[in-house]
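The next block holds one structure in the form of structure tokens; read it before the comments.
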Amino acid sequence: MDEMQNRSLLTNRERQIFTLLVEDFTTKEIAGQLTISEKTVRNHISNTIQKLGVSGRAQAIVELLRLGELRLN
Numbered sequence: 051m052d053e054m055q056n057r058s059l060l061t062n063r064e065r066q067i068f069t070l071l072v073e074d075f076t077t078k079e080i081a082g083q084l085t086i087s088e089k090t091v092r093n094h095i096s097n098t099i100q101k102l103g104v105s106g107r108a109q110a111i112v113e114l115l116r117l118g119e120l121r122l123n
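One point on numbering: in our numbering, the residue at position 20 of the sequence shown is 70, and numbering is uninterrupted.
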């Protein structure tokens, strides 16, 4: 197993965004909180969905929880 496989699947920004999604923030609220555009938030979400090979935000969240990449507080 190489070192890349031991690293997190998510970038720090993707983790921030999905953590806020789990806390029920909207795309607009996440953009405001992180001082980035809504389009950038959507791009990060889309990239994560593609990485995981799932079809939407809800499935991405379930998969990230299953993989231990996200935790519920």
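Cβ coordinates follow ideal geometry from the N, Cα and C atoms, glycine included.
What are the start and end residues of the alpha helix (DSSP H) that includes residue i?
| i | result |
| --- | --- |
| G82 | T77 to L84 |
| N97 | E88 to L102 |
| E119 | Unbroken run through E119: none, as it is neither H nor E. |
Tell me the rounded alpha-carbon separation between residue i and residue j.
| i | j | result |
| --- | --- | --- |
| I111 | G82 | 21 Å |
| L117 | L84 | 25 Å |
| F75 | E88 | 12 Å |
Compare the Cα-Cα distances from residue i to each of the options and report the closest residue.
| i | options | result |
| --- | --- | --- |
| R121 | T61, E73 and R63 | E73 |
| L70 | S58, R57, H94 and G103 | H94 |
Can you give me the Cβ contacts of residue i inside the same chain, cut-off strictly under 8 Å, excluding the 5 residues immediately before and after it?
| i | result |
| --- | --- |
| R92 | T77 |
| D52 | Because D52 sits at a pLDDT of 39, beneath the cut-off of 50, its placement in the model cannot be relied upon, and the following sentence gives the value as read from the coordinates. The answer is none, since no qualifying residue turns up. |
Residue i by DSSP, collapsed to three states: which one?
| i | result |
| --- | --- |
| R107 | helix |
| R57 | coil |
Quick one: residues in its chain with C-beta nearer than 7 Å to the C-beta of residue i, no 5 flanking neighbours on either side, listed in chain order?
| i | result |
| --- | --- |
| Q66 | L84 |
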